[in-house]
Structure formats: C-alpha cells, structure tokens
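Trainee: The opening position of the sequence shown corresponds to residue 1230 in the numbering used here, with each subsequent residue numbered one higher. All C-beta atoms in this analysis are idealised placements derived from N, C-alpha and C, irrespective of residue type, glycine included.
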Amino acid sequence: MTRSGHPFEGRRLQVISRRQRAGRLHLLLTLPDQSRGLIPADWTDFAAGSGSV
1230 MTRSGHPFEG
1240 RRLQVISRRQ
1250 RAGRLHLLLT
1260 LPDQSRGLIP
1270 ADWTDFAAGS
1280 GSV
C-alpha cells in the first residue's frame, strides 16, 4: 500500500482479484484481519508487477 496516510501504508497485502470499476482498476485484497477490501490500484505499487501491494 503506497497511499500516504492510509492505515495500511507500507504493508504488503495479498491480491485476490482485479476488476474495473467506474473506468478505474481496483484490487480485492486480503486485509490483516483476514477480511477483504476493494481499493483503487493507483493506491498501490501493483503496476510494478509484484503481485502484492
């Protein structure tokens, strides 16, 4: 997670899936408490191809 000020900033999270929403790529992630969260891909370094954010 690279978004400044986000509670998970600097953490690596597992990507479950990707989807387009409102013309923007979003990632479905496994959060530290094992729940799931959908966040914009541009809040991450996903474009670098790491498979985790």
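Between the C-alpha atoms of GLN1243 and ALA1251, what's the straight-line distance to the nearest angstrom?
Mentor: Taking the straight line from one Cα to the other gives about 23 Å.
Trainee: Measure the beta-carbon distance from ARG1265 to LEU1258 and round it to whole angstroms, keeping in mind my assumption that it falls under 8 Å.
Mentor: Sure, about 7 Å apart at Cβ, within 8 Å.
Trainee: What does DSSP give as the partner residue(s) for HIS1255 in the beta ladder?
Mentor: DSSP output for HIS1255 lists ARG1248, PRO1269 as bridge partner(s).
Trainee: Expressed to the nearest angstrom, what Euclidean distance is found between the alpha-carbon atoms of PRO1261 and PHE1237?
Mentor: Whole-angstrom Cα-Cα distance: 9 Å.
Trainee: Between the alpha carbons of ASP1271 and LEU1254, how many angstroms are there, rounded?
Mentor: Computed Cα separation, rounded: 8 Å.
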